[in-house]
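In UniProt numbering, the protein residues as written are 1 to 601.
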């Protein structure tokens, strides 16, 4: 490593790979929905050779033609560990109220954890008041369910009330544990929580009736006094980006109910975007935190691979999945990440990472843009993102540099090969899955070892190139739209049987896969809103920033700059069909004033 740079373990050999950009071919996957999809799933799982024909049609064999992969060693684990600086100590408190940078009282402001803290501190509300207001909205086990309950899989009422009562007692005694004490949160259903089952979006209890221990990252949040109010809906096995779930119901986008929330962390995104909770814990294997936070106008962080302990779940055979926060504002993203990312001394590689702490001193403000890749986004999305970038340059002192990234289309194919092969290997049977996943995993099972190995070679090539860019341009943040499309409209007949639309899935994962496949951290934040193609309600648009391994603290600062743009930098522009720049933040029409409900207002 050059002098003055941080020290790393497993850093890739920095090397530029100069490969001219080539746009991807138009995808040719069949789009099937409704009863036709149900019958197709039965055919695909029973007729020999058909799954392989679909595999080939999807372009999964295209890596065989790339001579650039010759001589490249395969890399199966993208974990790169940034070591603590000599003499560095972990922060004494991860939840100090005085350190929170809450957003100003602007239009569309969401409640932050500080608002809950202040309500409890003043005595206006107690945690049990908030819980009693929440439970009727989120419970599935009642005769007259609220529409909000679709976002939840289960809420153990006795456990929720017990935690809220314990927090209420601490507040009455003047001994709160910190800023998170009494704040409600929830977790995606692919994490373990003691007392809960784990369905992972399926009909089957993956705990198999056994008692489980709460996942490390969830336990860390509970230890700060936060009140877990339930487990959240997700796309079945996390294997698509809509959160369409015929098993548990599909939560609809709070900004426009004719659109999907995005997946696979669609339940968490819905719960936060409607104001039910200020933050949630999700997982991200192919944009599953960033796509739903993008579609639902939220803030999301995909950490460096391995930085947030996933113990006891998601062992090293899942080389693309990480755990991270979904929040309504940057202050909550910062504090929730710092709690989630406390090193787990009994879990490799989490134990080796530097403890998260606020960035001190100056930072280089360098944004890298791969123009031909960026320009593949829809015009309205590009306009929103370019407006934000221009604000960063003109008002906040950022510099823009042109960069190149090799084999981007092939990289997305390689990521898809990897995540699908890992998912297929972990699934015992396809019989109890929904039709789209029966088709998807049956096709994934056709991947030959040679193609999987080529994908891991391409992973290494991309990591080498990123290492070269990060060393050449210290502090570099690679920016892209979060998705090239503004939301995903719900098609007719899709909610009953699901939908298999590989073309749109590939399209809206155009940018997000890079962080998962190479292990770098990535932040997403809203930068504007566009008019919908159906339904009522503007659709949020997000910008993403990819940083060097271990650079979450710098990305958080970038996120605060993005929040400033949305709250202060937007100017009125009501161009029909184009970008809508609100003066401040937009809240969904059905946003829930949970603090007002808790106080009886």
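Even glycine gets a Cβ: it sits at the ideal position worked out from N, Cα and C.
As the structure is a prediction and not an experimental result, all values here were calculated from the model.
Inset, instruction - Count the CB pairs spanning the region 536-544 and the region 295-305 that are closer than 8 Å, and state whether there are at least three. - result: yes
Legend entry - Proximity of residue 75 and residue 456 at Cβ, strictly below 7 Å: As a working mapping, residue 75 is identified with position 75 in the chain shown. As a working mapping, residue 456 is identified with position 456 in the chain shown. Yes, the pair counts as a contact, with Cβ atoms nearer than the cut-off.
Legend entry - Whole-angstrom distance between residue 155 and residue 254, CA atom to CA atom: Here residue 254 refers to the residue found at position 254 of the chain shown. Here residue 155 refers to the residue found at position 155 of the chain shown. Residue 254 and residue 155: Cα-Cα distance of roughly 21 Å.
Legend entry - Bridge partner(s) assigned by DSSP for residue 546: As a working note, residue 546 is residue 546 in the chain shown. Looking at the DSSP assignment, residue 546 forms a beta bridge with 478 and 522.
Legend entry - Beta bridge counterpart(s) of residue 501 as assigned by DSSP: Position 501 of the chain shown holds residue 501. In the DSSP output, where bridge partners are listed per residue, residue 501 has 31.
Inset, instruction - Report yes if the C-beta distance between residue 267 and residue 246 is below 7 Å; otherwise report no. - result: Counting from 1 along the chain shown, the entry for residue 267 is found at position 267. Counting from 1 along the chain shown, the entry for residue 246 is found at position 246. Not in contact: residue 267 and residue 246 (Cβ atoms no closer than 7 Å).
Inset, instruction - Give every residue of the same chain whose Cβ lies closer than 6 Å to the Cβ of residue 377, excluding the five residues on either side of it in the sequence, and list them in chain order. - result: Here the question's residue 377 lines up with position 377 in the chain shown. Around residue 377: 481 and 484.
Inset, instruction - Along the beta strand (DSSP E) that carries residue 280, what are the first and last residues, could you check? - result: One-based indexing of the chain shown puts residue 280 at position 280. Taken as a continuous stretch (DSSP letters only), the beta strand (DSSP E) holding residue 280 covers 279-284.
Inset, instruction - Work out the CA separation of residue 85 and residue 6 for me, nearest whole Å. - result: Sequence index remark: in the chain shown, residue 6 carries index 6 (1-based). Sequence index remark: in the chain shown, residue 85 carries index 85 (1-based). About 7 Å.
Legend entry - Buried versus exposed call for residue 547 [16 or more other C-beta atoms within 10 Å across all chains shown]: Locating residue 547 in the chain shown gives position 547, where the first residue counts as 1. Classification of residue 547: buried, given that the 10 Å Cβ count is 16 or more.
Inset, instruction - Would you list, in sequence order, the uninterrupted alpha helix (DSSP H) runs of no fewer than 4 residues that lie entirely inside the region 166-250? - result: As far as the region 166-250 is concerned, its whole alpha helix (DSSP H) runs of at least 4 residues are 216-223.
Legend entry - C-alpha gap between residue 575 and residue 304, whole angstroms: By 1-based counting over the chain shown, the position of residue 575 is 575. By 1-based counting over the chain shown, the position of residue 304 is 304. At residue 575, the pLDDT of 39 sits below 50, so the modelled position is not reliable; the number obtained from the coordinates is stated separately. Whole-angstrom Cα-Cα distance: 39 Å.
Inset, instruction - Flag this pair as touching only if the region 412-422 and the region 513-533 have three or more C-beta atom pairs under 8 Å; answer yes or no. - result: With the cut-off at 8 Å, the region 412-422 and the region 513-533 touch.
Inset, instruction - Report the three-state DSSP secondary structure of residue 120 (helix, strand or coil). - result: On the chain shown, residue 120 is found 120 positions in, with the first residue counted as 1. It is helical.
Legend entry - Local conformation of residue 39 per DSSP, three classes: Mapped onto the chain shown, residue 39 falls at position 39. Three-state DSSP puts residue 39 in a helix.
Legend entry - Of the listed residues 62, 40, 79 and 54, nearest to residue 460 (C-alpha basis): The residue you call residue 460 lines up with position 460 of the chain shown. Among 62, 40, 79 and 54, the Cα nearest to that of residue 460 is on 79.
Inset, instruction - Measure the C-alpha to C-alpha separation of residue 43 and residue 264 and round it to an integer number of angstroms. - result: In the chain shown, residue 43 corresponds to position 43, counting from 1. In the chain shown, residue 264 corresponds to position 264, counting from 1. Whole-angstrom Cα-Cα distance: 26 Å.
Legend entry - Simplified DSSP state of residue 374, which is helix, strand or coil: Sequence index remark: in the chain shown, residue 374 carries index 374 (1-based). Helix.
Inset, instruction - Consult DSSP for residue 551 and reduce its assignment to one of helix, strand or coil. - result: Here residue 551 is taken as the residue at index 551 of the chain shown, counted from 1. In the structure shown, residue 551 sits in coil (DSSP, three-state: anything other than H, G, I, E or B).
Inset, instruction - Report back the beta-carbon spacing between residue 37 and residue 486 to the nearest angstrom; my notes put them in contact at under 8 Å. - result: Here residue 37 is taken as the residue at index 37 of the chain shown, counted from 1. Here residue 486 is taken as the residue at index 486 of the chain shown, counted from 1. Actually they do not touch by this definition, with Cβ atoms about 26 Å apart.
Inset, instruction - Give the range of the beta strand (DSSP E) segment to which residue 399 is assigned. - result: As a first step, residue 399 must be located in the chain shown, where it is residue number 399. Counting along the chain, the beta strand (DSSP E) containing residue 399 begins and ends at 399-402.
Inset, instruction - Check whether the Cβ atoms of residue 271 and residue 151 sit closer than 7 Å, and answer yes or no. - result: The residue given as residue 271 occupies position 271 in the chain shown. The residue given as residue 151 occupies position 151 in the chain shown. In contact: residue 271 and residue 151 (Cβ atoms closer than 7 Å).
Legend entry - Beta-carbon spacing of residue 473, residue 366 below 7 Å: Along the chain shown, read from residue 1 onward, the residue named residue 473 stands at position 473. Along the chain shown, read from residue 1 onward, the residue named residue 366 stands at position 366. The answer is yes: Cβ separation under 7 Å.
Inset, instruction - Could you tell me the distance, in whole angstroms, from the CA atom of residue 197 to the CA atom of residue 384? - result: One-based indexing of the chain shown puts residue 197 at position 197. One-based indexing of the chain shown puts residue 384 at position 384. So the alpha carbons of these two residues sit roughly 41 Å apart.
Legend entry - Alpha-carbon to alpha-carbon, residue 110 and residue 404: On the chain shown, residue 404 is found 404 positions in, with the first residue counted as 1. On the chain shown, residue 110 is found 110 positions in, with the first residue counted as 1. Their backbone Cα atoms lie some 38 Å apart in a straight line.
Inset, instruction - Return the chain-ordered ranges of every beta strand (DSSP E) run that is complete within the region 307-341 and spans a minimum of 3 residues. - result: 322-327
Inset, instruction - Decide yes or no for the touch test of the region 255-262 against the region 206-217: beta carbon pairs closer than 8 Å, at least 3 of them. - result: no
Inset, instruction - Determine the direct distance from the alpha carbon of residue 360 to that of residue 597, and round the result to whole angstroms. - result: In the chain shown, counting from the first residue as 1, residue 597 sits at position 597. In the chain shown, counting from the first residue as 1, residue 360 sits at position 360. Between the alpha carbons of residue 597 and residue 360 lies a distance of about 39 Å.
Inset, instruction - Throw me the rounded Cβ distance for the residue 227 and residue 183 pair, which I believe falls under 8 Å. - result: The count along the chain shown starts at 1 and reaches residue 227 at position 227. The count along the chain shown starts at 1 and reaches residue 183 at position 183. With a Cβ gap of about 7 Å, residue 227 and residue 183 count as contacting.
Inset, instruction - Just mark residue 123 as buried or exposed, buried being the case when its beta carbon has 16 or more other beta carbons within 10 Å. - result: Here residue 123 refers to the residue found at position 123 of the chain shown. With fewer than 16 Cβ atoms within 10 Å of its Cβ, residue 123 is classed as exposed.
Inset, instruction - Could you work out which residue in 129, 52, 26 and 362 is closest to residue 397 when comparing CA atoms only? - result: Indexing the chain shown from 1 puts residue 397 at position 397. The option with the nearest alpha carbon to residue 397 is 362.
Inset, instruction - For residue 323, I'd like the list of residues in its chain whose CB is within less than 6 Å of its CB, leaving aside the five on either flank, ordered along the chain. - result: The residue labelled residue 323 in the question sits at position 323 within the chain shown. Excluding residues within five positions, the ones whose Cβ falls inside 6 Å are 217, 283, 308 and 310.
Inset, instruction - For the alpha helix (DSSP H) holding residue 270, just list the boundary residues, first then last. - result: Along the chain shown, one-based indexing puts residue 270 at 270. Residue 270 -> alpha helix (DSSP H) spans 266-273.
Inset, instruction - Kindly indicate the opening and closing residues of the beta strand (DSSP E) around residue 680. - result: Nothing in the structure corresponds to residue 680, since the chain is present only between 1 and 601.
Inset, instruction - Provide the residue span of the beta strand (DSSP E) that contains residue 130, from first to last. - result: The residue given as residue 130 occupies position 130 in the chain shown. Here residue 130 belongs to no beta strand (DSSP E); instead the alpha helix (DSSP H) covers 127-138.
Legend entry - residue 81 and residue 337 closer than 7 Å at C-beta: Locating residue 81 in the chain shown gives position 81, counting from the first residue. Locating residue 337 in the chain shown gives position 337, counting from the first residue. Using a Cβ distance threshold of 7 Å, residue 81 and residue 337 do not count as a contacting pair.
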